Amino acid sequence: MHQDARLRSTSPGRGDSSTPTSSPPPPPSYKTIFSRPPETGIIRDRYHYTLTVPLFSKKKLGRSAARKRYRDWTARMWIKASQLDHFGVPTRLVVDCSLEGDQRTLAGELNVIVEPFGDKGMPNPDTWPSAMFDMEDFLGFPRDIDGDQRKEDEWIRQYVEKVHKRDVGGRRILWLGINRVQHGITVGRKHRSQAEVYEDKWNGG
């Protein structure tokens with residue numbers, strides 16, 4: 026599902042997940058509960074909690090290795106918060122999963138907000154961390170449109186229409202996650218098994 030190709034992902038491993046985001050208010054029907062949600066089962070309210078970020082020493086590991094370990098850890102926390110089903114698809118909406126603290130040292134707390142998808146909601150792969158996909162590639166914008174927001178948006182839209190395949194029954198056979206980055210996009214692909222497609226849970230959109 027791609028509500029807006031211009032969306033900058035704030036999920037771990039895609040875009041800059043360390044930057045705190047301004048979370049939208051919960052729907053009026055939800056309460057905000059300041060604790061971790063139940064490990065299993067259906068939730069009916071918004072849960073807001075924090076996790077202390079482990080020490081990823083840049084002196085011991087090196088800068089790039091420390092950031093990779095941080096991204097891997099935050100991805101695991103995102104996946105845990107999203108409560109994957111037996112097909113590996115989120116059943117809860119992760120509204121936020123970002124660092125509140127020192128961006129340089131990666132010290133602080135991970136701010137996590139999770140809530141139900143609601144009646145009309147469904148998983149949005151554009152917000153998934155890289156670890157959720159079977160494969161992920163970088164695709165650069167054509168040189169003649171790079172830097173032109175309107176043309177880039179149209180190019181992304183056409184690309185999504187081309188590769189977002191469905192079966193003869195119109196059911197999606199692929200989860201496709203698009204993340205806009207400098208000079209292009211990252212494209213994450215997660216194939217849907219026949220059993221998942223036939224279950225018909227997320228075939229709309």
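Under my numbering, read the sequence shown as residues 26 to 230, first letter to last. C-beta atoms are modelled at their ideal positions from N, C-alpha and C, and glycine is treated no differently. Since the model is a prediction, treat every value here as computed from it, not as a measurement.
8 Å contact criterion, which residue i and residue j should meet: CB distance rounded
i, j, result
"Ile210", "Ile170", "Incorrect: roughly 12 Å between the Cβ atoms, too far for contact."
"Pro150", "Leu109", "In fact, because the Cβ distance is near 13 Å, the residues do not count as touching under 8 Å."
"Trp103", "Pro62", "Actually they are not in contact, since the Cβ atoms of Trp103 and Pro62 sit about 14 Å apart, beyond 8 Å."
"Val120", "Ile138", "4 Å"
"Ala132", "Arg117", "That pair is no contact at about 27 Å."
"Pro141", "Arg69", "6 Å"
"Phe81", "Arg94", "5 Å"
"Pro50", "Gly143", "Their Cβ separation, rounded to whole angstroms, is 14 Å, which puts Pro50 and Gly143 out of contact at 8 Å."
For residue i, three-class secondary structure by DSSP
i, result
"Pro150", "helix"
"Ile68", "coil"
"Thr116", "coil"
"Arg191", "strand"
"Ser123", "strand"
"Leu109", "strand"
"Ile181", "helix"
"Leu86", "helix"
"Ile170", "coil"
"Arg33", "With a pLDDT of 36 at Arg33, under the threshold of 50, the predicted position of this residue should be treated as unreliable, and no value is reported."
"Trp227", "coil"
"Arg92", "helix"
"Arg61", "coil"
"Ala100", "helix"
"Arg196", "coil"
Residues that DSSP places opposite residue i in a beta bridge
i, result
"His73", "Ile138"
"Glu161", "Gly213"
"Gly143", "According to DSSP, Gly143 bridges with nothing at all."
"Ala132", "Asp127"
Residue i: first and last residue of the uninterrupted beta strand (DSSP E) it sits in
i, result
"Val206", "199 to 206"
Bounding residues of the alpha helix (DSSP H) (the contiguous stretch that carries residue i)
i, result
"Tyr55", "It is not in any alpha helix (DSSP H) - Tyr55 carries neither H nor E in the DSSP assignment."
"Ala220", "219 to 224"
Residues near residue i in its chain [Cβ-Cβ closer than 7 Å; skip 5 each side]
i, result
"Phe158", "Gly202, Gly213, Arg214, Lys215"
"Lys176", "Ile170"
"Met160", "Arg214"
"Asn136", "Pro45, Thr75, Asp121, Ser123, Glu125"
"Lys190", "Ile198, Leu199"
"Arg129", "none"
6 Å Cβ shell around residue i - same chain, five flanking residues per side excluded
i, result
"Leu164", "Gly209, Ile210, Val212"
Proximal residues to residue i (C-beta, below 8 Å), its chain only, five neighbours per side dropped
i, result
"Asp127", "Gly133"
Neighbour flag for residue i against chain B, beta carbons, 9 Å
i, result
"Leu118", "No chain B appears in the structure shown, which is made up of a single protein chain."
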